[in-house]
Each structure stands twice: as structure tokens, then as C-alpha cells.
Amino acid sequence: MTSKYESLRDTMENVMRKALPIPKAPREYHAPPPPKPVSWVPHGTIGNVNYENRLKLFANELRAINAQRSRIIKLSSRGWCYALEGLGKITKNEFTAAQKAINDCRKLGFLPIDFTKEDQDETRRFAGIIQACNPTTQLEQIRDDIDIMLRSLAESVTDFWQDESFYLMMCVEKGDIKELFQPICREYHVPIVSSKGWAPILLRAHIAELSRRAEERNLTPVLLMFYDHDPTGLKITKRFRKNLEDCEGGTGWNPKGLLIDRFGLNADDIEKHGLTWIENLKTTRGKEANAPWYIQKFGRRKCELNALFKNDKTLEAAEAICRNAIEHYYGKDAKERFQRKEENTKQSLSEIYDNPVWHDFSENIDQLIESFSEKEIRKTQAETVFKQETELDVFIDDKYYGRCPSCGWQFNYSRDDVGKLVRCRYCNASMRLKWKGEKSLGAVSNG
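Per numbering that gives the first Met the number 0, the sequence shown runs over residues 0 to 446.
Below, the structure is given as C-alpha cells:
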């Protein structure tokens with residue numbers, strides 16, 4: 000039986016414990032966590048030393064990516080964002096920062112001022128510029144213009160669609176893809192346009208006019224479409240016929256006889272050519288696209304057209320996709336067939352080509368050019384070789400701070416950072432954050 004003294008003692012202990020909460024073990028001091036690593040895309044303003052140092056690394060990486068292609072292909076600043084997203088280096092949320100970083104690199108000379116493709120809006124370019132030059136320049140231009148016009152004369156007057164069954168048109172989503180496909184389309188005399196997303200009314204009217212002309216000649220009009228593999232890209236191609244029907248009152252043409260063929264970018268092509276899937280469905284506004292029908296079939300992933308600009312191999316794959324789509328309708332012998340038609344036209348124009356006026360013109364203008372020519376010394380500048388930086392894998396487990404493999408600097412992180420490409424705040428090393436479980440799984444598979 001508990002005595003009254005023991006009850007009193009227990010009561011006093013409880014009172015004292017509440018009044019004077021003395022810990023049984025000393026408290027440990029936890030220092031604040033170190034800051035997270037900075038974004039791989041430089042953020043800041045010109046004049047900040049750290050920002051400009053990161054811009055140099057950023058510019059070097061863009062040059063290294065460019066060097067993977069043997070052909071010089073200029074992308075717009077927006078096109079570069081899509082390409083970097085396709086390489087897994089940035090997300091849609093970083094597009095604005097990436098475009099600013101690219102433009103700042105051009106301003107500071109870290110990238111050539113003309114590194115990106117020229118603005119397609121001609122109203123943003125000077126017109127009426129007169130610059131004094133050597134007469135040789137203009138004389139050579141006149142000679143070249145005459146030569147081009149003579150070579151294109153037969154093509155301009157040849158009826159390539161005589162005895163043909165189809166008339167092809169091509170509509171692609173992005174201007175960069177249009178420039179890639181345009182030389183191939185020129186070989187087959189296929190008109191090509193970039194809609195930059197949903198087609199505007201005037202573009203739909205132009206498609207209607209070309210299709211109407213084809214149908215008047217008993218040709219089946221075919222619209223080849225090449226769009227992103229994402230919910231919006233698939234939706235645009237699926238609804239394109241309805242978009243044309245909406246304009247029937249203004250165009251006077253019904254698209255019921257038009258064949259619409261989405262020849263890319265399709266899931267089979269992505270897998271076949273090893274293109275990069277982007278593991279999200281973020282739109283340009285940074286929000287996840289709400290497309291249950293798409294997610295059920297393809298999952299929460301997408302592939303942008305600019306993934307085709309990764310290297311020579313993917314560029315060749317893109318050109319093959321374009322060529323195969325055209326030859327599916329025109330046939331494998333289309334180029335040779337069209338060339339024969341052009342050659343027949345050229346023979347019928349022999350009276351023009353054989354006229355001595357062109358020979359006399361060529362001799363006389365060459366004499367003029369030679370008389371005005373000045374000797375010029377051309378200096379060959381050695382090309383700078385840009386080495387692509389190495390991504391360092393850093394495995395994290397949500398238990399300890401991350402540590403830079405290059406300098407040992409510790410950094411904080413969250414689960415949302417897994418898979419991201421970041422930079423060390425201290426040494427600027429490029430780090431890819433990975434979950435520690437991936438490392439053990441890789442070891443098991445290698446074993």
C-alpha cells in the first residue's frame with residue numbers, strides 16, 4: 000500500500016518536472032543545412048562575376064553540343080531550349096532562364112553574336128541598306144543570278160504532276176524542323192510550312208487553295224504532318240481536319256477528299272532511333288498537361304522534335320523519316336521520274352539555252368570582274384576545340400547531405416532534385432543527382 004509520504008513525493012516530483020524541465024541527456028546542436036547547389040542554367044545579371052563565370056561554362060557546353068554535329072545547323076534560342084530539354088539538361092520551367100543565358104552569352108562574346116538563327120520576322124531587319132563595295136561584288140552577283148535563273152528555268156515551267164496520282168504538302172510544328180526538311184522537300188517539289196503550333200486561319204486557307212487546285216487536276220491532295228510526341232502535338236494532328244472544316248465557309252472547300260498523314264514524331268521512331276523521352280508532361284506554362292488518354296497509352300512522358308538535333312545519327316534518322324514519308328506516296332523512283340520530266344522540258348527549251356547570248360555574256364562579265372579584281376589575303380583561323388564537360392553522378396539517400404565528387408563541398412537537396420543536373424556552388428562541377436537505390440540496382444545487373 001502506497002504511503003502518504005510516497006504520494007507526496009511523487010506529486011512534488013511532477014510539480015518540479017513541470018516547473019524545471021531538466022533534460023536527462025544534453026541537447027545536441029544541429030547546424031543549419033548547407034544551401035542547395037545552383038541550377039545548371041546560370042541565373043543572375045551581367046556584371047556579377049559568379050554569373051559570368053557560369054555563363055562561360057554554359058556557353059562551352061552549347062558549343063560542345065554543336066560540335067557533335069558535322070553540319071552547321073542554327074537553332075533559335077527557343078529551339079535550343081527544346082534541344083536541352085530533350086538532352087535532359089533543363090525542364091520547361093527553365094526555358095525563360097535558358098533563353099536569357101544564351102542571349103547574355105551572345106552579348107558578352109562567350110557565344111558568337113549570330114549563334115542563334117536569325118529572327119524570321121522580316122520587319123525586325125533593316126531594309127534599304129546601301130553599302131559602298133568593290134564593283135567586283137555586284138558583278139559576281141549579276142553573273143550568279145543569271146546562272147541560277149537559267150538552271151531553274153526548266154524546273155519553273157515543268158508540270159511535275161502530269162500523270163501523277165497525289166499532290167503532297169508538308170506541315171511541321173517548328174521552324175527548326177522546317178529548315179532541316181526543306182532541302183529534301185525541294186528534291187521532290189513538296190511545299191513545306193511551319194505552323195508553330197495550331198495552324199492560323201490564313202495557313203488553313205492556303206492549304207485549302209493548294210488542295211482545291213490538286214483536286215481540279217484529279218490529284219489526291221495529301222497533307223504530311225510532323226509534330227511533337229506530346230498531348231498537344233497529337234491533338235493538333237488529330238483535329239486538323241476539323242480545323243479545315245471550320246473554315247469551309249470562307250474557303251469554299253471541303254477537306255473530305257484530303258488525306259492527312261501524321262508521319263512523326265511517333266513512339267516507334269523514338270524507340271528505334273534512341274531519342275530521349277522527357278519524363279514529364281509539362282507545358283510551356285510549367286504545368287502538367289491533363290491528358291488521361293495520352294497517359295494511359297504512353298505514360299507521363301513526351302518527346303520534342305528538337306531531340307532529332309542531338310547528333311549526326313539522329314539528324315540522318317530525321318531525314319530518312321521525311322524521305323520515306325514522301326516516297327510512300329510518290330514512289331521510290333520519284334526523284335528520277337521528276338528529273339526526267341525536267342530534262343524533257345529543258346530539251347524543249349533548247350532554243351533558249353543554246354542562244355549564244357549567254358556565252359557572250361559570261362565571257363564579257365568575267366573580263367569585267369577580272370579587271371576590277373583586287374588581291375585579298377585570307378587568313379585561316381584555327382578552329383577552337385570545345386570539350387564537353389563530364390557529368391558527375393552523385394548518389395543521395397535522404398539521410399546525409401550530398402557531397403561534390405570534385406571538391407568535397409557538401410550541399411542540401413530534396414527528393415524533387417533527383418534526376419536533375421546541377422552545379423556545385425564552390426567549384427562549378429556539373430553533377431547529376433541520382434537516388435542511391437539506382438547504384439545498387441546497377442551493381443546487381445552488372446554482377
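Using N, Cα and C, we set each Cβ at its ideal position, and we do this for glycine too.
Return the Cβ separation of residue i and residue j in integer angstroms, given the expectation that the two are a contact with Cβ distance under 8 Å.
{"i": "C246", "j": "I200", "result": "6 Å"}
{"i": "G87", "j": "T275", "result": "6 Å"}
{"i": "V421", "j": "V37", "result": "7 Å"}
{"i": "S202", "j": "V189", "result": "The question names Ser, yet the displayed sequence has Leu at residue 202. At roughly 16 Å, the Cβ-Cβ gap does not stay under 8 Å, so L202 and V189 are not in contact."}
{"i": "L218", "j": "E163", "result": "6 Å"}
{"i": "T283", "j": "A153", "result": "Not quite, the Cβ-Cβ distance comes to about 45 Å (not below 8 Å), so this is no contact."}
{"i": "T135", "j": "F371", "result": "5 Å"}
{"i": "E303", "j": "Y81", "result": "5 Å"}
{"i": "F225", "j": "L264", "result": "7 Å"}
Determine the closest residue to residue i out of the options, with distance taken between C-alpha atoms.
{"i": "R459", "options": "L56, Q387, K281", "result": "Absent from the model: residue 459. The displayed extent of the chain is 0 to 446, so no value can be given."}
{"i": "P460", "options": "S361, K88, G436, R424", "result": "Residue 460 is absent from the structure shown; the chain starts at 0 and stops at 446."}
{"i": "I72", "options": "V156, D392, F180", "result": "F180"}
{"i": "K398", "options": "Y412, I145, L391, H358", "result": "Y412"}
{"i": "F57", "options": "R105, S151, Q161, L74", "result": "R105"}
{"i": "K99", "options": "K271, P41, L83, G127", "result": "P41"}
{"i": "I147", "options": "Y352, Y400, N92, G407", "result": "Y352"}
{"i": "E315", "options": "R8, G273, S347", "result": "G273"}
Indicate the three-state DSSP secondary structure (helix, strand or coil) for residue i in the structure shown.
{"i": "D332", "result": "coil"}
{"i": "F109", "result": "coil"}
{"i": "C302", "result": "strand"}
{"i": "Y187", "result": "helix"}
{"i": "R339", "result": "helix"}
{"i": "E388", "result": "coil"}
{"i": "R216", "result": "coil"}
{"i": "T379", "result": "The predicted model places T379 with a pLDDT of 41, which falls under 50 and marks its position as unreliable; any figure quoted below should be read in that light. DSSP places T379 in coil when its eight states are reduced to three."}
{"i": "L209", "result": "helix"}
{"i": "C403", "result": "coil"}
{"i": "K374", "result": "At K374, the pLDDT of 47 sits below 50, so the modelled position is not reliable; the number obtained from the coordinates is stated separately. The answer is coil: DSSP assigns K374 none of H, G, I, E or B."}
{"i": "E278", "result": "coil"}
{"i": "S361", "result": "helix"}
At what residues does the beta strand (DSSP E) containing residue i begin and finish?
{"i": "S429", "result": "429-434"}
{"i": "G263", "result": "258-263"}
{"i": "R422", "result": "420-422"}
{"i": "V171", "result": "165-171"}
So, residue i versus residue j, is the Cβ gap smaller than 8 Å?
{"i": "N310", "j": "G78", "result": "no"}
{"i": "D175", "j": "L223", "result": "no"}
{"i": "A213", "j": "N242", "result": "no"}
{"i": "A66", "j": "F385", "result": "yes"}
{"i": "S76", "j": "I45", "result": "no"}
{"i": "I364", "j": "L149", "result": "no"}
{"i": "L233", "j": "Y293", "result": "yes"}
{"i": "A317", "j": "T250", "result": "no"}
{"i": "I183", "j": "C321", "result": "yes"}
{"i": "L432", "j": "D415", "result": "no"}
{"i": "S210", "j": "W252", "result": "yes"}
{"i": "Y166", "j": "K334", "result": "no"}
{"i": "K301", "j": "D396", "result": "no"}
{"i": "G418", "j": "F410", "result": "no"}
Note the first and the last residue of the continuous alpha helix (DSSP H) segment covering residue i.
{"i": "C80", "result": "76-85"}
{"i": "Y352", "result": "349-352"}
{"i": "R62", "result": "48-66"}
{"i": "Y293", "result": "291-297"}
{"i": "V156", "result": "134-156"}
{"i": "K88", "result": "Taken as a continuous stretch (DSSP letters only), K88 belongs to no alpha helix (DSSP H), as it is neither H nor E."}
Taking CB distances under 8 Å as the criterion, tell me whether residue i reaches chain B.
{"i": "M430", "result": "Any reference to chain B falls outside this structure, which holds one protein chain only."}
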